[in-house]
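Report on the structure given below.
Protein chains: 2
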Amino acid sequence: MTDAETTREITVGELSEGQILRGILDRLPPSAAPVGPGDDAAVLAVPDGRVVATTDTLVHGPDFRLAWSSPHDLGFKAAAVNLADVAAMGARPIALLVALAMPDATPVSFVRGFADGLAAACAELAPDCAVEGGDLTVSDTLTIAVTALGSLDGRAPVRRSGARVGDGVYVIGELGPAARGIDLLFRRFRDADGAPVALTAPARAALGSADAHALSRQLAPRPPIAEALRAADAGATAMMDISDGLALDATRMADASDVTISLDSASLGDDPVLALGGGEDHGFLVTFPADAEPLGRRIGTVETRGEEAITVDGRAWTGRTGWDPYRDWDAGRG
Amino acid sequence: MTDAETTREITVGELSEGQILRGILDRLPPSAAPVGPGDDAAVLAVPDGRVVATTDTLVHGPDFRLAWSSPHDLGFKAAAVNLADVAAMGARPIALLVALAMPDATPVSFVRGFADGLAAACAELAPDCAVEGGDLTVSDTLTIAVTALGSLDGRAPVRRSGARVGDGVYVIGELGPAARGIDLLFRRFRDADGAPVALTAPARAALGSADAHALSRQLAPRPPIAEALRAADAGATAMMDISDGLALDATRMADASDVTISLDSASLGDDPVLALGGGEDHGFLVTFPADAEPLGRRIGTVETRGEEAITVDGRAWTGRTGWDPYRDWDAGRG
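Right, here's the structure in full:
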């Protein structure tokens, strides 16, 4: 075998589905399920007879660009955003199903890095969670569709419709870094035509600490899963993953609960506009009754439904409210 | 409004995610779950404390072509292939989560037809099943990722590893029509460059009944879900959805069970080669012990593991074994 042959990257198009799958499963923690990967379907234990289920897809272009995200980042993010949705119901994540559609020129090293990112997210955020199933297929567009399942362990589900007048409004987790991270990428890592420019290791190392933190939270968000479960145990009346921006997600909670959520801009950090309009940090918006021992930072109060779903410092919010992929995506592919 | 404006097709790119979602949910049967669509995650009841979960993705190009599949076909197929995997474990399908990634030029009528196909598949194949969640995003490549969940209702899961020496080998459902259908499409509905040619209603109406049946089973397969559950109740020792071809799927069952599956070509219909090598009918391969009352057609016997995982008429099978997307896809996009 020549040097060129040994150093050339093997692609997924040169391997069978079974070979690719083994390369993924070997890097993941072993299944603890009654039936794990390898059969027609997995069988998972949910002792209280209820399962929480959610799905979210990341598509190359609108949701991520390979010029910016490492395979590890992508695996971490694909797991994290789904784990956050399970935890937002007050459920403990127990399983991921991961569908990966890849161009056949995708290097096998991508698959390995992606699997390592999935494993890292489970280990860091949801140690009871393993990858219990999935699907591999070919696509012109790299697409990652993850389903997360969770167990309520006897808890009542914490719905977005449960906020009650007089409850305090809290945020668990950060507001803003992920949006600051995407702004940084759009401003500094695109060429004159708007195409993404590779985020190299030296370029990343040259960033200041605030920028580096923002970038890290955009590329691999850290939802505080364990705190969300503690919030459910502490009597949260409503909870949501803040994925699309605080203003938009608070509007959804207010509409579902038929209340007005009154926010105090002084509690929203040094950039309230970014906190209200930027999404993707995957913190949690939570309401607690006055007699509960709340978690997180108080940012407002639940009031009787008025004309507006949310107010900021007593007035309607007219700024940017968050991200809608069909409205906001500019078709600048990367 | 001019005539041109009223007749022009509205695209998903002109609507918000919420508007598209309402257009889908309005066409689906109402949720019967403790928490249905609209929150961060759904909550589903699985009374015996175990949930069965599987995911499968359909990608434009390798898995379907819009020139051939109607939106209704696609919704039906996306549901059916996942329902089959749940039923193959002996579980009753209770919920689908549907992630749809669409180019923004996709007409809204596509989404409506797709939702109608999902609803039709649930109604016909798994009446206890509803769409309980999902995700919409933008993609250059139309991609459908479905997760199906099921309840074992106290049954032991029927695994592919359970076949025992002396068991009879049975097939429930058809073998071959779906493969005959894809052959027909490749032979008669492609141009000289291999690009798909639209399958028009008149062209479809002009087909003979066998061809029309084959086409229908390729584009919208009908897995016999209820019979699979009856097979589990009748004492099936092993069961699998036949998705990639009988020879390949029987090999998987034989390897998982550490047995040899001996097949009799005379039991495989008038085209045993097609029955062995063609996939996508989504019937079920089932083994029953001698004292059970079996369902389906007997096609062979489980024997002590020999050199070969499967034999046909006592000899090794050297013909086509089934479909592997990475090995077999010819990159002819359509």
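Chains as they are written, first to last, in our numbering: chain A, 1 to 334; chain B, 1001 to 1334.
Each residue gets a CB set at the ideal place from its N, CA and C atoms; glycine is no exception.
On a predicted model such as this, the values are computed, not experimentally measured, just so you know.
Distance CB(residue i)-CB(residue j) smaller than 8 Å
i: A1247 (chain B); j: L1276 (chain B); result: yes
i: G176 (chain A); j: G269 (chain A); result: yes
i: R204 (chain A); j: V1043 (chain B); result: no
i: G1090 (chain B); j: R1027 (chain B); result: no
i: A1178 (chain B); j: P1221 (chain B); result: yes
i: D153 (chain A); j: D48 (chain A); result: yes
Inter-residue Cα distance where the pair is residue i and residue j
i: I1121 (chain B); j: R1217 (chain B); result: The sequence shown places Ala at residue 1121 (chain B), not Ile. Approximately 13 Å, taken between the alpha carbons.
i: R1147 (chain B); j: A198 (chain A); result: Looking at the sequence provided, one finds Thr at residue 1147 (chain B) rather than Arg. Looking at the two C-alpha atoms, the distance is approximately 34 Å.
i: T1311 (chain B); j: V1302 (chain B); result: 10 Å
i: A1032 (chain B); j: A1119 (chain B); result: 14 Å
i: A1309 (chain B); j: A1238 (chain B); result: 15 Å
i: G117 (chain A); j: L100 (chain A); result: 14 Å
i: E1307 (chain B); j: D1313 (chain B); result: 15 Å
i: D1183 (chain B); j: G1279 (chain B); result: 11 Å
i: A1079 (chain B); j: F284 (chain A); result: 32 Å
i: S16 (chain A); j: A1210 (chain B); result: 33 Å
i: D1241 (chain B); j: A41 (chain A); result: 10 Å
i: T1055 (chain B); j: P37 (chain A); result: 11 Å
i: A1067 (chain B); j: G1181 (chain B); result: 14 Å
i: D1281 (chain B); j: L1274 (chain B); result: 11 Å
i: V1286 (chain B); j: A1236 (chain B); result: 6 Å
i: G319 (chain A); j: I1010 (chain B); result: 28 Å
i: A234 (chain A); j: D244 (chain A); result: 25 Å
i: V98 (chain A); j: R315 (chain A); result: 43 Å
i: A206 (chain A); j: F64 (chain A); result: 22 Å
i: L21 (chain A); j: L1185 (chain B); result: 30 Å
Cutoff 8 Å: residue i Cβ touching any chain A Cβ
i: V1169 (chain B); result: no
i: P1157 (chain B); result: yes
i: V1286 (chain B); result: no
i: G1061 (chain B); result: yes
i: L1276 (chain B); result: no
i: A1377 (chain B); result: Within the shown structure, residues of chain B are numbered from 1001 to 1334, placing residue 1377 (chain B) beyond reach of any answer.
i: D1241 (chain B); result: yes
i: T1057 (chain B); result: yes
i: A1101 (chain B); result: yes
Where residue i falls: helix, strand or coil (DSSP)
i: D85 (chain A); result: helix
i: S70 (chain A); result: coil
i: F76 (chain A); result: helix
i: L1118 (chain B); result: helix
i: S262 (chain A); result: strand
i: V111 (chain A); result: helix
i: E174 (chain A); result: coil
i: L96 (chain A); result: strand
i: R1204 (chain B); result: helix
i: L1028 (chain B); result: coil
i: I1299 (chain B); result: strand
i: R251 (chain A); result: The sequence given here has Thr at residue 251 (chain A), not Arg. Of the three classes helix, strand and coil, the one that applies to T251 (chain A) here is helix, per DSSP.
i: S1151 (chain B); result: strand
i: P272 (chain A); result: helix
i: F213 (chain A); result: Reading the sequence as shown, one finds His at residue 213 (chain A) and not Phe. Correct three-state label for H213 (chain A): helix.
i: F288 (chain A); result: strand
i: I1020 (chain B); result: helix
i: G168 (chain A); result: strand
i: E1293 (chain B); result: coil
i: L1125 (chain B); result: helix
Contacts that residue i makes with chain D (C-beta to C-beta distance below 7 Å)
i: T301 (chain A); result: Here the protein chains are A and B, and chain D is not one of them.
Nearest-angstrom Cβ-Cβ length linking residue i and residue j, presumed shorter than 8 Å
i: R305 (chain A); j: G168 (chain A); result: No, R305 (chain A) and G168 (chain A) are not in contact; Cβ-Cβ is about 17 Å, not under 8 Å.
i: A88 (chain A); j: A228 (chain A); result: 6 Å
i: G113 (chain A); j: H72 (chain A); result: 5 Å
Within-8 Å CB hit, residue i to chain B
i: P34 (chain A); result: yes
i: T54 (chain A); result: yes
i: T141 (chain A); result: yes
i: V138 (chain A); result: yes
i: T251 (chain A); result: no
i: V108 (chain A); result: no
i: P47 (chain A); result: yes
i: D281 (chain A); result: no
i: P131 (chain A); result: Checking the sequence shown, residue 131 (chain A) turns out to be Val, not Pro. Closer than 8 Å: no.
i: L66 (chain A); result: no
i: V86 (chain A); result: yes
i: G134 (chain A); result: yes
i: L125 (chain A); result: no
i: V165 (chain A); result: no
Cβ-heavy atom distance, residue i to the ligand FMN, below 7 Å
i: C1129 (chain B); result: Absence of the ligand FMN from the depicted structure is noted, as is the absence of any ligand whatsoever, leaving it without description.
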